[in-house]
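Read through the structure below, which is laid out as structure tokens, and then see the notes.
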Amino acid sequence: MRSRDAFTYGEVEGTRRADLLQRPPRGYRPIERRVRIGSGDAAFRAAGDATLRWGIQRRSGIRVAAPDRELATGDVVIMRIGLWPRDVPCRVAYVVEEQDVRGFAYGTLRGHPERGEEAFLVERDPDGSVWLRVRAFSRPASWLLWLGYPAIRVMQWVYTERYLRALAAG
Numbered sequence: 000m001r002s003r004d005a006f007t008y009g010e011v012e013g014t015r016r017a018d019l020l021q022r023p024p025r026g027y028r029p030i031e032r033r034v035r036i037g038s039g040d041a042a043f044r045a046a047g048d049a050t051l052r053w054g055i056q057r058r059s060g061i062r063v064a065a066p067d068r069e070l071a072t073g074d075v076v077i078m079r080i081g082l083w084p085r086d087v088p089c090r091v092a093y094v095v096e097e098q099d100v101r102g103f104a105y106g107t108l109r110g111h112p113e114r115g116e117e118a119f120l121v122e123r124d125p126d127g128s129v130w131l132r133v134r135a136f137s138r139p140a141s142w143l144l145w146l147g148y149p150a151i152r153v154m155q156w157v158y159t160e161r162y163l164r165a166l167a168a169g
């Protein structure tokens, strides 16, 4: 996999859109979840640092092959998820490094069982509360995978729940 390989979906950076849940890309299912993971500057820094080093994925039981540094736009990552027998390739679509938001989104590459994008954003509210927001839109990558779509949706739900617990645990 090369960093210039094409994404398998058209709306790159679509997880940035405020209206994603109301108007997802045609044919895609959106999801958004947000959970409080702590409070204060130290919690925000620690969660942001973990997020930008694949900590959410690793703490969720996903095997991640990525550069050993803070991730950057264009980085390619190969993941192994649960019992899925194949590599799951993605590329970082964008990185967010703002005063009160840190995170990134990755998009699917050829060979991934789905098409779409997923964002992981650590947010700090004015009262100091720290939150993890997961936003995504996806659909199966092939007609054959549409046959197993109900199982894929269950797996998405399970991993989203793991993501939301990953940073709360430390």
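Letter 159 of the sequence shown, counting from 1, is numbered 158 in the numbering used here, and no numbers are missing.
Virtual Cβ for every residue (Gly too), placed ideally from N, Cα, C.
The structure displayed is predicted, hence computed values, not measured ones.
Residue closest to residue i, alpha-carbon to alpha-carbon, out of the options
| i | options | result |
| --- | --- | --- |
| ILE30 | ASP48, ARG52, VAL157, ALA165 | VAL157 |
| GLY54 | GLY106, ARG123, LEU131, ALA140 | LEU131 |
| GLN155 | ARG134, ALA167, LEU166 | ARG134 |
| GLU160 | PRO112, ARG58, GLY106, PRO125 | ARG58 |
| THR7 | GLY26, GLY13, HIS111, PHE119 | HIS111 |
| LEU70 | LEU108, GLY102, PHE43 | GLY102 |
| ASP124 | GLU97, LEU108, ARG15, ARG68 | GLU97 |
| ALA165 | PHE136, ASP86, ASP4, ALA45 | ALA45 |
| VAL100 | SER128, ARG79, ILE80, GLY106 | SER128 |
| ALA118 | ARG16, GLY9, ALA5, ASP4 | ARG16 |
| VAL91 | GLY106, GLY26, ARG85 | GLY106 |
| GLU10 | PHE136, ARG109, TYR162, VAL95 | PHE136 |
| GLU122 | ARG33, ARG52, GLU116 | ARG33 |
| LEU120 | ALA41, GLY47, LEU19 | GLY47 |
| ARG25 | ILE36, GLY13, ARG35 | GLY13 |
Limits of the alpha helix (DSSP H) - the one that residue i falls within
| i | result |
| --- | --- |
| ILE54 | Residue identity check: residue 54 is Gly in the sequence provided, not Ile. Segment 54 to 58, the alpha helix (DSSP H) holding GLY54. |
| PHE43 | 40 to 50 |
The beta strand (DSSP E) enclosing residue i, as first and last residue numbers
| i | result |
| --- | --- |
| ARG90 | 87 to 96 |
| ALA118 | 113 to 123 |
| PRO139 | 128 to 139 |
| ILE77 | 75 to 79 |
| ARG62 | 62 to 64 |
Coarse secondary structure for residue i, derived from DSSP in three states
| i | result |
| --- | --- |
| ARG25 | coil |
| TYR105 | strand |
| VAL11 | coil |
| ARG16 | coil |
Cβ-based neighbour list, residue i, same chain, cut-off 7 Å, excluding 5 preceding and 5 following
| i | result |
| --- | --- |
| PRO66 | ASP74 |
| PRO23 | PRO29, PHE136 |
Beta-carbon contacts of residue i that lie in its chain and below 6 Å, excluding the five residues immediately before and after
| i | result |
| --- | --- |
| ALA64 | ILE77 |
| ILE80 | ILE61, VAL87 |
| TYR162 | ILE55, SER59, VAL133 |
| GLY39 | GLY127 |
| LEU20 | PRO29, GLU31 |
| THR72 | VAL91, TYR93, VAL94 |
For residue i: DSSP bridge partner residues
| i | result |
| --- | --- |
| VAL100 | GLU122 |
| GLY37 | VAL129 |
| ARG68 | In DSSP, ARG68 forms no bridge with anything. |
Neighbourhood of residue i by C-beta, 8 Å cutoff - its chain only, sequence neighbours within 5 removed
| i | result |
| --- | --- |
| LEU108 | MET0, ASP4, ALA5, PHE6, THR7, VAL75, PRO88, CYS89, ARG90 |
| ALA42 | ILE36, VAL129 |
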